[in-house]
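There are 2 protein chains.
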Amino acid sequence: MTDAAYLQLQAMGRYARATAGEAVLADGDQNQIVFVARGATKLVAHASGGREQVVAFHFEGDLVSVPARGAHSYTLCALQDCELIAFAAAEFLGLARSEPGLLNEVLERVLASLARSREKSIALGRKTAQERVASFLVSMAGRIGMPQEGGCLLHLPMSRRDMADSLGLTIETISRQLTELREAGLIETSGRSVVHLCDNASLQARAGHLSSAA
Amino acid sequence: MTDAAYLQLQAMGRYARATAGEAVLADGDQNQIVFVARGATKLVAHASGGREQVVAFHFEGDLVSVPARGAHSYTLCALQDCELIAFAAAEFLGLARSEPGLLNEVLERVLASLARSREKSIALGRKTAQERVASFLVSMAGRIGMPQEGGCLLHLPMSRRDMADSLGLTIETISRQLTELREAGLIETSGRSVVHLCDNASLQARAGHLSSAA
DNA sequence: CGTTGAGTTGAGCTCTTTCAATAGGAGTGG
DNA sequence: CCACTCCTATTGAAAGAGCTCAACTCAACG
């Protein structure tokens with residue numbers, strides 16, 4: 001990227017800090033692009049009747065596309081203390097047009113987001129509660145898990161409610177499924193947010209993933 | 001776009017025809033980008049146990065990103081007779097890098113796909129059967145509906161099974177909900193695939209959409 | 001060390017699914 | 001053009017997965 005472009009980017013980006021639990025960006029009238037410099041966030045969609053759906057989680061280094069308000073409204077919320085850089089999507093893409101490298105990078109990240117969103121659709125549309133929870137753990141392990149001998153260690157920054165709102169379940173069901181997975185020896189838990197995945201292969205099987213041979 | 005780029009694009013694109021019901025593109029080992037020149041398609045994800053989730057529908061002029069096989073496999077299927085142009089995503093993006101206009105166009109379409117995918121997540125995660133069907137109709141009306149005085153006319157190219165697999169329901173539930181909407185006077189149906197939306201406002205209310213005042 | 005909110009566990013209920021039977025549409029061949 | 005057939009869609013009754021409501025337990029923090 002050229003220095004000039006970099007400066008422009010800095011000029012149009014709004015830097016923001018947010019403390020855990022805080023709404024960073026309420027739904028506006030235009031699309032936003034947000035870069036998560038530090039921390040973790042959730043993108044929450046609001047439907048009628050106060051129902052909420054967590055549409056995506058984001059971690060350090062992730063890029064988030066926050067849609068303008070339409071049939072539903074969206075809010076970006078901090079799960080932990082965060083540092084964020086927000087851009088109006090139109091401006092950002094206008095600049096990026098003259099910076100193919102940047103544009104390409106953004107496109108690849110957006111494609112990855114799309115792929116994750118589709119995986120979520122599969123879970124929400126066709127999987128049982130247990131499969132959803134297992135899928136969630138496997139997915140999180142891939143994004144923020146710390147590999148250990150004989151497993152993977154997870155520090156989940158989100159609450160049971162966040163998981164429930166992400167998986168289309170209730171907190172009670174999340175709790176019950178975690179208990180079942182624990183009793184099956186697939187995971188170990190410690191406190192509210194630490195999960196140790198003991199048997200990734202079995203977990204993937206319970207996640208309803210296609211076996212690679214299929 | 002330059003002529004040279006256009007020629008390159010033509011050279012790397014694979015043209016394909018498909019008849020209704022046919023699988024156009026089984027899951028490969030690399031991402032694909034497909035342009036729907038004519039017809040309509042569905043992108044189907046396969047989970048264990050033969051379960052299928054329709055992840056997206058596409059119509060004439062749409063661009064589809066078909067993911068490589070991962071935890072689930074994806075198949076692009078023709079709903080009607082189609083003409084398609086398929087690219088290996090890596091090649092396509094390589095060329096697009098030198099064509100910012102093209103890249104930008106692709107990015108905007110992918111962002112639109114992401115937004116639709118998220119709307120689907122809301123439906124699958126937090127909406128009742130009736131709300132899902134109403135949302136589906138409203139969404140389809142926006143994409144392929146023909147406005148009429150006092151409503152909107154829809155020719156749905158997909159079967160009840162496709163709708164069910166898209167909305168995370170069964171064909172029986174789809175049928176029952178359509179009946180309810182018909183009896184409530186919100187829609188009229190004719191044959192298998194024609195639906196007339198009589199009252200868009202009420203339909204949006206039943207879709208669980210946020211009222212614009214909220 | 002107590003308080004408070006988050007998480008877990010249990011029992012009954014609801015919405016959607018499942019299973020089964022009927023009706024309807026589209027295409028075919030007489 | 002109509003009758004026949006097959007597959008899709010509709011409708012009904014029973015079963016099940018997850019939800020709701022309620023009580024209890026635990027962990028973090030002052």
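Quick mapping for you: the protein sequence lines, in order, are chains X and U. For the first sequence, the UniProt record's numbering gives the first residue as 1, with consecutive numbering after it. For the second sequence, the UniProt record's numbering gives the first residue as 1, with consecutive numbering after it. A virtual CB, placed ideally from N, CA and C, is assigned to each residue, including glycine. Everything numeric in this text was worked out from a predicted model, so none of it was measured.
#1: Give the residues from the region 16-36 of chain U that approach chain X closer than 7 Å (Cβ to any Cβ), ordered along the chain.
#2: Rank L7/U, Q204/U, C77/U by C-alpha distance to the C-alpha of A18/U and give the top, closest one.
#3: Once you ignore the five residues that flank L95/U on each side, which residues in its own chain have a CB closer than 6 Å to its CB?
#4: With H, G and I counted as helix, E and B as strand and the rest as coil, what does DSSP make of M163/X?
#5: Please identify the residue among G39/U, H209/U, A56/U, D162/U whose C-alpha is closest to the C-alpha of T128/U.
#6: Check the Cβ-Cβ distances between L79/X and every residue of chain U, and say whether any is below 8 Å.
#7: From the DSSP output, which residues share a beta bridge with P147/U?
#8: Check the Cβ-Cβ distances between R143/X and every residue of chain U, and say whether any is below 8 Å.
#9: Following the continuous alpha helix (DSSP H) through L93/U, name the residue where it begins and the one where it ends.
#10: Output the distance between the C-alpha atoms of Q177/X and I144/X, rounded to the nearest integer angstrom.
#11: Does L76/X come out as helix, strand or coil in the three-state DSSP assignment?
#12: G116/X: which of P67/X, G168/X, F57/X, N31/X sits nearest, CA to CA?
#13: Does R160/X get closer than 8 Å to chain U when you measure Cβ to Cβ?
#14: Alpha carbons only, please: which of G185/U, S166/U, A26/U is nearest the one belonging to M140/U?
#15: If H72/U sits next to I187/X, beta carbons under 8 Å apart, how far is it from one beta carbon to the other, in whole angstroms?
#16: Note down, in chain order, each residue of its chain lying with its Cβ closer than 7 Å to the Cβ of A189/X, except the 5 sequence neighbours on either side.
#17: If you drop the 5 nearest sequence neighbours on each side, which residues of the same chain put their C-beta closer than 6 Å to that of A47/X?
#18: Give the secondary structure of T19/X by DSSP, where H, G and I count as helix, E and B as strand, and everything else as coil.
#19: Can you find a CB in chain X that lies within less than 8 Å of the CB of L93/U?
#20: Within the continuous alpha helix (DSSP H) that includes A4/U, where are the two ends?
#21: DSSP three-state label for E131/X, please.
#22: What in chain U is Cβ-close to G168/X, meaning under 7 Å?
#23: So, at 8 Å on beta carbons, what are the nonlocal neighbours of S175/U in its own chain, with the 5 sequence-adjacent residues on each side left out?
#24: Helix, strand or coil: how does DSSP classify A56/U here?
#25: Identify which residue in S113/X, R118/X, A112/X, M163/X has its Cα closest to the Cα of F136/X.
#26: Secondary structure at T173/X, three-state DSSP: helix, strand or coil?
#27: Taking the alpha-carbon positions, what's the R107/X to A184/U distance?
Straight from the coordinates:
#1: none
#2: C77/U
#3: Q8
#4: helix
#5: H209/U
#6: no
#7: C152/U
#8: no
#9: 89-96
#10: 21 Å
#11: strand
#12: According to the sequence shown, residue 116/X is Arg rather than Gly. Considering only alpha carbons, the answer is F57/X.
#13: no
#14: S166/U
#15: Not a contact, Cβ separation roughly 22 Å.
#16: The question names Ala, but residue 189/X in the sequence shown is Thr. So the qualifying residues of the chain are L178, R182, V195.
#17: H72
#18: coil
#19: yes
#20: 3-12
#21: helix
#22: L124, G125, R126
#23: R160
#24: strand
#25: M163/X
#26: helix
#27: A small fix is needed here, since residue 107/X is Leu in this sequence, not Arg. The straight-line gap from Cα to Cα measures roughly 44 Å.
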